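Participant:
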């Protein structure tokens, strides 16, 4: 799921149904590759100011510049049933412990109002372990 | 947050381009018309990475000679949502609050959503200083904020954000 449930109602569902979430590190990799290609095609290429600003932003705030490490982190997160937007947020914000993660990303906590089949029962200890493992993968 | 979306757009192409380079012209025109722009529906288009399909051109019936092509393309967009937490760089500070930039997105944090221990200091550069004078919010400071309100205009997205919650606040600086 690309967006929390409450947001999906406000967007064009057809398009966002198949949207892939991209973390800041991945955007940095994709954008620099894209700019390189454009420069090869046309040496006088000047990126739009907005695109340049975005590139600078993702190069400052990311979870690591090594594409393999980021891919390893993504694969690891997906084994725990985390929704795509949650994995994106964790990669961008890199919370250090369960308390920080659940405060910044409230959907990680099972809400009593949600139907039981959506409960994932991620225990706080499990979440701590997941976050610690992510830090390892990041520096590997 | 950034997403990879598949969108489609109608482009009008002048007959002078109806030659061997037509696909390139369509791609260049698509990039010129979408990259760097913003729609309320999909957020800011940051880069057009792939042109998936270019439909068959239909000649317009208005005697202009232009042909309309329906182009399907893959692109990276930045679309924030209410409640999202993200990092931003402070750009402008005034006594009502401060402006910050998160990539293509502009956010405003009003004074009411800045923790009480910060006070406005108009010496030199405007800044917000904490009561123990250790933390300073000024141009170039990195802050973590949560979006509390978004205005989706047809051509712009503007956000109001708060810094007044757990784990939000100053996280670094450009000059550290």
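Residue numbers (the UniProt record's numbering), protein chains in the order written: chain F, 1 to 140; chain H, 1 to 176.
Glycine residues also receive a C-beta, built at the ideal position from the N, C-alpha and C atoms.
Just so you know, these numbers come straight off a predicted model, no measurement behind them.
Any idea if residue 36 of chain H is buried or exposed, counting beta-carbon neighbours within 10 angstroms, 16 or more meaning buried?
Facilitator: buried
Participant: Looking at chain H, is there any beta carbon in it that lies within less than 8 Å of the beta carbon of residue 53 of chain F?
Facilitator: yes
Participant: Cβ atoms of residue 130 of chain F and residue 85 of chain F: under 8 Å apart, would you say?
Facilitator: no
Participant: Which same chain residues end up closer than 8 Å to residue 38 of chain F when comparing Cβ atoms and leaving out the 5 residues on each side of it in sequence?
Facilitator: 45 and 47
Participant: What residue does the beta strand (DSSP E) around residue 87 of chain H start on, and which one ends it?
Facilitator: 85–94
Participant: Buried or exposed: residue 123 of chain F, going by 16 or more other Cβ atoms within 10 Å of its Cβ?
Facilitator: exposed
Participant: Using 8 Å as the Cβ pair cut-off and three pairs as the minimum, do the segment 59–75 of chain H and the segment 7–23 of chain H touch?
Facilitator: yes
Participant: Identify, in the order they occur along the chain, each residue of the same chain with its Cβ nearer than 8 Å to the Cβ of residue 8 of chain H, setting aside the five sequence neighbours on each side.
Facilitator: 70, 71, 72 and 73
Participant: Measure from the C-beta of residue 163 of chain H to each C-beta in chain F and report whether the shortest distance is under 8 Å.
Facilitator: no
Participant: Any contact between the segment 56–69 of chain F and the segment 123–132 of chain H? By contact I mean 3 or more CB pairs, one from each, below 8 Å.
Facilitator: no
Participant: Is there a Cβ of chain F sitting closer than 8 Å to that of residue 85 of chain H, yes or no?
Facilitator: Chain F, which has a Cβ nearer than 8 Å to the Cβ of residue 85 of chain H, makes this yes.
Participant: Within a Cβ cutoff of 8 Å, which residues of the same chain sit near residue 14 of chain F, ignoring the five residues on either side of it in sequence?
Facilitator: There are no such residues.
Participant: Would you mind working out which of H/134, H/123, H/84 and H/164 sits nearest residue 93 of chain H, comparing C-alpha positions?
Facilitator: Ranking H/134, H/123, H/84 and H/164 by Cα distance to residue 93 of chain H puts H/123 first.
Participant: Note the first and the last residue of the continuous alpha helix (DSSP H) segment covering residue 32 of chain F.
Facilitator: 24–41
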